[in-house]
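> According to the numbering used here, the sequence shown is numbered sequentially starting from 134. Yeah, the Cβ is synthetic: ideal placement off N, Cα and C, and Gly gets one too. Note that the structure is a prediction, hence the values are computed from the model and not measured. This is the structure I have questions about; it appears just below.
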Amino acid sequence: MSRCIELAKKGLGTTYPNPLVGSIVVHDGKIIGEGWHYKAGEPHAEVLAIKNVSDPRLLSEATLYVSLEPCSHFGKTPPCSDLIISEGIKKVIIGSTDPNPKVRGEGIKKLKEAGCDVITGILEQECHVLNKRFFTFQNKKRPYVILKWAQSEDGFLAPEFRSEKKESVWITNEFSRQFTHRMRTEETAILVGTTTVVDDNPSLTARYWEGSSPHRIVIDRNNRIPTNASVLNGTVPTLVISEVNKTIDPNLKYESVDFSKPLARQICDLLYRHELQSLIVEGGSRTLQTFIEEDLWDEAFVFQGPVIFNGGVTAPELSGILISEKNVKKDLLKHFKNPLS
Numbered sequence: 134m135s136r137c138i139e140l141a142k143k144g145l146g147t148t149y150p151n152p153l154v155g156s157i158v159v160h161d162g163k164i165i166g167e168g169w170h171y172k173a174g175e176p177h178a179e180v181l182a183i184k185n186v187s188d189p190r191l192l193s194e195a196t197l198y199v200s201l202e203p204c205s206h207f208g209k210t211p212p213c214s215d216l217i218i219s220e221g222i223k224k225v226i227i228g229s230t231d232p233n234p235k236v237r238g239e240g241i242k243k244l245k246e247a248g249c250d251v252i253t254g255i256l257e258q259e260c261h262v263l264n265k266r267f268f269t270f271q272n273k274k275r276p277y278v279i280l281k282w283a284q285s286e287d288g289f290l291a292p293e294f295r296s297e298k299k300e301s302v303w304i305t306n307e308f309s310r311q312f313t314h315r316m317r318t319e320e321t322a323i324l325v326g327t328t329t330v331v332d333d334n335p336s337l338t339a340r341y342w343e344g345s346s347p348h349r350i351v352i353d354r355n356n357r358i359p360t361n362a363s364v365l366n367g368t369v370p371t372l373v374i375s376e377v378n379k380t381i382d383p384n385l386k387y388e389s390v391d392f393s394k395p396l397a398r399q400i401c402d403l404l405y406r407h408e409l410q411s412l413i414v415e416g417g418s419r420t421l422q423t424f425i426e427e428d429l430w431d432e433a434f435v436f437q438g439p440v441i442f443n444g445g446v447t448a449p450e451l452s453g454i455l456i457s458e459k460n461v462k463k464d465l466l467k468h469f470k471n472p473l474s
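Now the structure itself:
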């Protein structure tokens with residue numbers, strides 16, 4: 134099962150909206166076929182693992198391992214459970230049950246009814262962590278929320294005063310920024326507030342890492358963002374959260390919310406309706422603090438650069454479990470987990 138998880142991770146950032154899944158076929162103690170899900174609409178992990186077995190005659194004596202319950206319904210591809218049965222595989226080892234209502238135990242049921250020996254719950258916690266985005270989306274009806282920000286050594290996101298040219302003030306080094314862009318390719322959406330866009334004019338794309346850029350989510354209650362802002366250029370699907378509801382073009386849409394009510398919950402509900410499974414909240418301070426205060430976050434990555442501002446925009450106040458701490462050259466990266474997540 135560890136190998137299944139290892140294989141599944143190869144699809145991180147490309148399988149959305151499908152979960153990460155890895156599978157192997159074992160015969161006489163040896164792996165004879167393996168596969169992982171690459172992309173939605175393409176063959177599932179079990180299909181590829183079976184296909185990669187050079188001698189199909191061995192399948193009737195083999196055991197199939199898979200990190201997530203085989204599907205039992207027709208989607209963009211046929212049910213994997215039907216293929217397993219038709220190939221004569223008699224034993225199936227499953228990491229975790231699929232939380233999707235379209236599956237949720239039906240794949241296991243179908244296999245058992247066909248006479249397969251099915252064992253479930255192997256490395257179940259590790260399989261849940263593998264698909265933390267998918268499980269959160271299915272079970273909590275919201276995207277998996279990751280907070281991310283960079284702060285100075287003395288705890289500020291930005292200095293009190295900036296040049297008249299409003300040039301970007303870099304806190305972290307190029308390696309930390311590359312790490313951030315890799316994160317962007319692994320998640321489905323990224324969010325910033327109005328002030329961040331007006332002050333920094335970010336593009337919110339994954340320019341420094343190979344992969345797809347996330348959907349851009351921008352808060353702009355009173356339409357303060359200039360029309361020539363990078364986030365409004367239509368090159369990446371963008372959703373503007375405002376007091377109006379309109380569509381500019383297929384890649385630029387406006388959705389209204391009630392700004393007199395808690396905002397983070399409304400944003401999560403909105404992204405759930407848009408079927409966006411994960412969200413990076415990059416700023417600014419008030420936006421980040423809103424998600425913290427409403428306890429709508431799962432992980433946080435805090436970069437600390439070797440600069441001193443002696444005042445400015447104060448970094449958010451976060452209370453979480455410190456998972457890891459490492460140096461990225463002269464920057465310090467702290468990774469936190471929400472204890473209630």
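Taking one C-beta from the region 346-365 and one from the region 319-326 each time, how about it: are there three or more such pairs within less than 8 angstroms?
In short, these stretches touch, since the Cβ pair count reaches three.
> Whole angstroms are fine: how far does the CA of Ala291 sit from the CA of Gly445?
By 1-based counting over the sequence shown, the position of residue 445 is 312. By 1-based counting over the sequence shown, the position of residue 291 is 158. The straight-line gap from Cα to Cα measures roughly 6 angstroms.
> With a threshold of 16 other CB atoms inside 10 Å of the CB of Phe303, please say whether the residue is buried or exposed.
Taking the sequence shown and counting its residues from 1, one reaches residue 303 at position 170. For the record, residue 303 in the displayed sequence is Trp; it is not Phe. Its Cβ having fewer than 16 others within 10 Å, Trp303 is exposed.
> Going by beta carbon distance, what residues of the same chain come within less than 7 angstroms of Asn334, once the five residues before and after it are set aside?
Reading the sequence shown from its first residue, position 201 is the one you call residue 334. Cβ neighbours of Asn334 beyond the five flanking positions: Ala362, Ser363.
> Would you please state the rounded distance, in angstroms, between the beta carbons of Ile413 and Leu451? I believe it to be under 8 angstroms.
Residue numbering aside, residue 413 sits at position 280 when the sequence shown is read from its first letter. Residue numbering aside, residue 451 sits at position 318 when the sequence shown is read from its first letter. Not really, about 15 angstroms apart at Cβ, beyond 8 angstroms.
> Taking just the CA atoms, how far does Val180 sit from Ile478?
No statement about residue 478 is possible, as the shown extent of the chain runs from 134 to 474 and does not include it.
> Bridge partners of Tyr277, per DSSP?
As a working note, residue 277 is residue 144 in the sequence shown. BP columns for Tyr277 point to Ser411.
> Buried or exposed: where does Asn443 fall if 16 or more other Cβ atoms within 10 Å of its Cβ makes it buried?
Taking the first residue of the sequence shown as 1, we reach residue 443 at position 310. Exposed is the call here.
> Just how far apart, CA to CA, sit Glu388 and Lys379?
Counting from one through the sequence shown, the residue named residue 388 turns up at place 255. Counting from one through the sequence shown, the residue named residue 379 turns up at place 246. In a straight line, the C-alpha of Glu388 is about 7 angstroms away from that of Lys379.
> Taking the straight line between their C-alpha atoms, what separation do you get for Thr447 and Ser393?
Residue mapping note: residue 447 aligns to position 314 of the sequence shown, counting from 1. Residue mapping note: residue 393 aligns to position 260 of the sequence shown, counting from 1. Rounded to whole angstroms, Thr447 to Ser393 spans 24 angstroms at the Cα level.
> Quick one: what's got a C-beta closer than 8 angstroms to Lys242's C-beta in the same chain, skipping five residues either side?
Translated into positions along the sequence shown, residue 242 becomes position 109. Around Lys242: Ser205.
> For Glu194, which option in Ile165, Gly174, Pro203 has the closest C-alpha, if you only look at C-alpha atoms?
Taking the first residue of the sequence shown as 1, we reach residue 194 at position 61. For Glu194, the nearest C-alpha among the options comes from Ile165.
> On the DSSP letters alone, give me the boundaries of the alpha helix (DSSP H) that Ile217 sits inside.
Within the sequence shown, the letter at position 84 stands for residue 217. Looking at the DSSP string, the run of the alpha helix (DSSP H) that includes Ile217 is 213-219.
> Would you tell me roughly how many angstroms separate the C-alpha atoms of Leu140 and Tyr198, rounded to the nearest one?
Your numbering for residue 140 matches position 7 in the sequence shown. Your numbering for residue 198 matches position 65 in the sequence shown. Those two C-alpha atoms are separated by around 12 angstroms.
> Check this for me: beta carbons of Asn264 and Pro152, under 8 angstroms apart or not?
Locating residue 264 in the sequence shown gives position 131, where the first residue counts as 1. Locating residue 152 in the sequence shown gives position 19, where the first residue counts as 1. The answer is yes: Cβ separation under 8 angstroms.
> Taking the alpha-carbon positions, what's the Asp382 to Ser375 distance?
For the purposes of this step, residue 382 is taken as the residue at position 249 of the sequence shown. For the purposes of this step, residue 375 is taken as the residue at position 242 of the sequence shown. Near 16 angstroms, if we compare the C-alpha coordinates of Ser375 and Asp382.
> Give every residue of the same chain whose Cβ lies closer than 7 angstroms to the Cβ of Lys274, excluding the five residues on either side of it in the sequence, and list them in chain order.
Sequence index remark: in the sequence shown, residue 274 carries index 141 (1-based). For Lys274, where only same-chain residues beyond five positions count, the Cβ hits under 7 angstroms are Tyr405.
> Over the uninterrupted alpha helix (DSSP H) stretch that includes Asp402, give me the two end residues.
In the sequence shown, residue 402 corresponds to position 269, counting from 1. Here the alpha helix (DSSP H) through Asp402 covers 396-406.
> Since Thr329 is in the alpha helix (DSSP H), which residue starts that stretch and which ends it?
To locate residue 329, count along the sequence shown from 1; it is residue 196. That run of the alpha helix (DSSP H) goes 327-333.
> How many Å lie between Cys249 and His177 at the Cα?
On the sequence shown, residue 249 is found 116 positions in, with the first residue counted as 1. On the sequence shown, residue 177 is found 44 positions in, with the first residue counted as 1. The alpha-carbon atoms of Cys249 and His177 are separated by roughly 20 angstroms.
> Note down, in chain order, each residue of its chain lying with its Cβ closer than 7 angstroms to the Cβ of Gly344, except the 5 sequence neighbours on either side.
The count along the sequence shown starts at 1 and reaches residue 344 at position 211. So the list reads Gly146, Thr318, once near-sequence residues are dropped.
> Under a Cβ-count criterion, where at least 16 other Cβ atoms within 10 Å of its own Cβ denotes burial, should Lys298 be classed as buried or exposed?
Within the sequence shown, the letter at position 165 stands for residue 298. In this predicted model, Lys298 has a pLDDT of only 48, less than 50, meaning its place in the structure is not dependable enough to derive any value.
> Taking the alpha-carbon positions, what's the Thr253 to Lys224 distance?
Residue numbering aside, residue 253 sits at position 120 when the sequence shown is read from its first letter. Residue numbering aside, residue 224 sits at position 91 when the sequence shown is read from its first letter. If you take the alpha carbons of Thr253 and Lys224, they lie about 11 angstroms apart.
> Rounded to a whole number of angstroms, what is the C-alpha to C-alpha distance between His261 and Lys184?
In the sequence shown, counting from the first residue as 1, residue 261 sits at position 128. In the sequence shown, counting from the first residue as 1, residue 184 sits at position 51. Cα to Cα, His261 sits roughly 26 angstroms from Lys184.
> Who pairs with Asn366 in a beta bridge, going by DSSP?
By 1-based counting over the sequence shown, the position of residue 366 is 233. The partner list for Asn366 (beta bridge, DSSP) is empty, contrary to what the question assumes.
> By alpha-carbon positions, which one of Ser214, Leu280, Glu307, Leu396 ends up nearest to Trp342?
Looking up residue 342 in the sequence shown gives position 209. Checking every option, the nearest Cα to that of Trp342 belongs to Glu307.
> In the DSSP assignment, find the unbroken beta strand (DSSP E) run with Glu307 in it and report its ends.
Position 174 of the sequence shown, counted from the start, is the residue given in the question as residue 307. It is not in any beta strand (DSSP E) - Glu307 instead sits in the alpha helix (DSSP H) that spans 307-319.
> Taking 8 angstroms as the cut-off, decide whether the C-beta atoms of Gly438 and Ala283 are in contact.
Within the sequence shown, the letter at position 305 stands for residue 438. Within the sequence shown, the letter at position 150 stands for residue 283. Yes, the pair counts as a contact, with Cβ atoms nearer than the cut-off.
> Check whether the Cβ of Val199 lies closer than 7 angstroms to any heavy atom of the ligand GTP, and answer yes or no.
In terms of ligand content, the structure shown is empty, and the ligand GTP therefore cannot be addressed.
> Measuring CA to CA, which of Leu365, Glu246, Glu458 is closest to Ser336?
Here residue 336 corresponds to residue number 203 of the sequence shown, with the count starting at 1. Among Leu365, Glu246, Glu458, the Cα nearest to that of Ser336 is on Leu365.
> Under a three-way DSSP split, which group does Lys223 fall into?
If you number the sequence shown from 1, residue 223 lands on position 90. Coil.
> Between the Cα of Gly417 and the Cα atoms of Val377, Lys281, Ala433, Glu246, which residue gives the shortest distance?
Start at 1 with the first residue of the sequence shown, and residue 417 comes out as number 284. Out of Val377, Lys281, Ala433, Glu246, Lys281 has the C-alpha closest to the C-alpha of Gly417.
> Step through the CB atoms of chain B and report whether any lies within less than 8 angstroms of the CB of Leu197.
No chain B appears in this structure, which consists of one protein chain only.
> Could you tell me which residues DSSP puts in a beta bridge with Leu385?
Working through the sequence shown from its first residue, we reach residue 385 at position 252. Paired residue(s): Thr371, Asp382.
> Quick check for students: name the residue ranges of the alpha helix (DSSP H) that lie wholly in the region 148-188, counting only runs of 4 or more.
Entirely contained in the region 148-188, the alpha helix (DSSP H) runs reaching 4 residues are, in chain order, 178-184.
> Assign Gln258 to buried or exposed, taking buried as 16 or more other Cβ atoms, counted over all protein chains shown, within 10 Å of its Cβ.
In the sequence shown, residue 258 corresponds to position 125, counting from 1. Exposed.
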